[in-house]
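Here's the structure, in structure tokens; my notes come after.
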Amino acid sequence: MKKIYLTILLLFTVVITYGQSFDVRKITLKSDVILFCNQKNVIDSSKIINDYSSNYFYKITAVDTIIKNKTGFVFQKAEIRVATQDEDYLVNVSNCAPAIGYPFEMNKSYYEILFLKKIGKQYQIIGLVKNNDSRAVWQKLIDDIKSVASLENLKVPTDRYSKTIDWFIGHGINPTADFLTYYKQQGILKTDIAVLTDKQLANALANFLAEKTELMPLITKKYPEVIRDHYLDKLKSIYGTADKYSYSDCSDFQEAVRILTNNFNDNYEDINYVATNLLTNELSYYEKGNIMSALIKVVEKGDYRMKL
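Written out as structure tokens, the structure is:
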């Protein structure tokens, strides 16, 4: 799958992968204006303020598309300040990889998306997505941003809650804690647990079975046996190809076992807990096969239960 990098601009640039840490919904809703630009039309610069700090800017000479415009933004060639402090879309820098460069081809266009927030009469950049993919690849992210922006126009809380749940399910994302807490405060939810319609539950199940496994918390109570069968089938499938074992398969097997057994109730002295942790791609085919076969039998026996 193609990777798109989200650059959050603090006192320096860090890069995190779109799939892992880029919350497109959150940064879209926090932004007043979102611009899609050719990278050649965006130039970074800085201005020294004093002997300990500088202001950072992006000079934008042309805009390809204005994806979102909540404040009547009219493009003019200008420098837009980068938010380097006191802005609320931050990442844990210690968990981020260093910036990753890529070779430029002279005849190829490169693009980026800038997220702007209006503060007073000025705009500031609070996020930047950049990558070396074609315009066609970018369209999926642009469509995602537009779908989020459309939710912002829903003024009836129940409608916005329901449509946002649809958005989460469609994108294979478990609703965030702050989203659930907010709608609990609004009286739409009685607890911090999402409430879904029958149609939404069915859609969540279908997407879960299509490997959007982050949706599992939404459907565990409704479809526990379906989830159990899904992961048990997954264990048997990996076991059946043990001679082609890879690190990812090993991790997938361990994850499925832990889900099906509630991680053996976190009993570190449980022999099955120990065996699960011993299962790595460094073991021989014979050793891996024996451990996997034994763990599958443990799961089938049903002495351990999933956490509902």
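Residue numbers for the sequence shown, in our numbering: 8 to 315.
C-beta: ideal position from N, C-alpha, C; glycine also.
Per-residue burial, residue 129 [other beta carbons within 10 Å of its own, 16 or more giving buried]: exposed
Alpha carbon of residue 94 to alpha carbon of residue 123, nearest angstrom: Its pLDDT being 39, under 50, residue 94 is placed unreliably in this model, and the coordinates cannot settle the point.
Euclidean distance between Cα positions of residue 232 and residue 238: 10 Å
Residue ranges of each alpha helix (DSSP H) within the region 272-304, 4 or longer: 278-285
Nearest to residue 155 (by Cα), restricted to the options 278, 226, 270 and 41: 41
Coil, strand or helix - residue 82 by DSSP: coil
Within 9 Å, strictly: CB atoms of residue 299 and residue 286: yes
One or two residues paired with residue 119 in a DSSP bridge: 44 and 137
Of the listed residues 207, 74, 44 and 55, nearest to residue 140 (C-alpha basis): 44
C-alpha gap between residue 61 and residue 132, whole angstroms: 15 Å
Residue 195 versus residue 257: straight-line alpha-carbon distance, rounded: 41 Å
Contact test: residue 229 Cβ vs the ligand COA heavy atom, cutoff 8 Å: This structure simply doesn't include the ligand COA, nor any ligand for that matter.
Distance, residue 75 Cα to residue 68 Cα: 18 Å
Beta-carbon proximity list for residue 109, same chain, < 6 Å, skipping 5 on both sides: For residue 109, the pLDDT reaches just 47, beneath the cut-off of 50, and the residue's location in the model is therefore unreliable, although a value from the coordinates is still provided. Result list for residue 109: 139, in chain order.
Where residue 51 falls: helix, strand or coil (DSSP): strand
4 or more residues per run - each alpha helix (DSSP H) lying fully within the region 182-234: 184-192, 205-216 and 223-226
Nearest-angstrom beta carbon gap, residue 31 and residue 151 [assumed within contact, 8 Å]: 5 Å
Pair within 9 Å by beta-carbon distance, residue 52 and residue 59: no
Nearest neighbour of residue 309, chosen from 191, 290 and 236 [CA to CA]: 236
Whether residue 247 touches residue 214 by CB criterion (9 Å): no
Coil, strand or helix - residue 72 by DSSP: strand
For residue 191 and residue 120, the rounded distance between their alpha carbons: 33 Å
Three-way DSSP call (helix, strand, coil) for residue 130 in this model: strand
Contact under 9 Å by Cβ, residue 228 with residue 263: no
Three-state secondary structure assigned by DSSP to residue 246: helix
Contacting residues, own chain, Cβ-Cβ under 7 Å from residue 66 (five flanking each side not counted): 50, 52 and 86
Per DSSP, cross-strand counterpart(s) of residue 88: 64 and 131
Residue 269 versus residue 165: straight-line alpha-carbon distance, rounded: 34 Å
Under 9 Å between C-beta atoms of residue 39 and residue 78: yes
9 Å Cβ cutoff met for residue 125 and residue 179: no
Sequence-distant residues of its chain with Cβ nearer than 8 Å to residue 161 (five each side left out): 167 and 170
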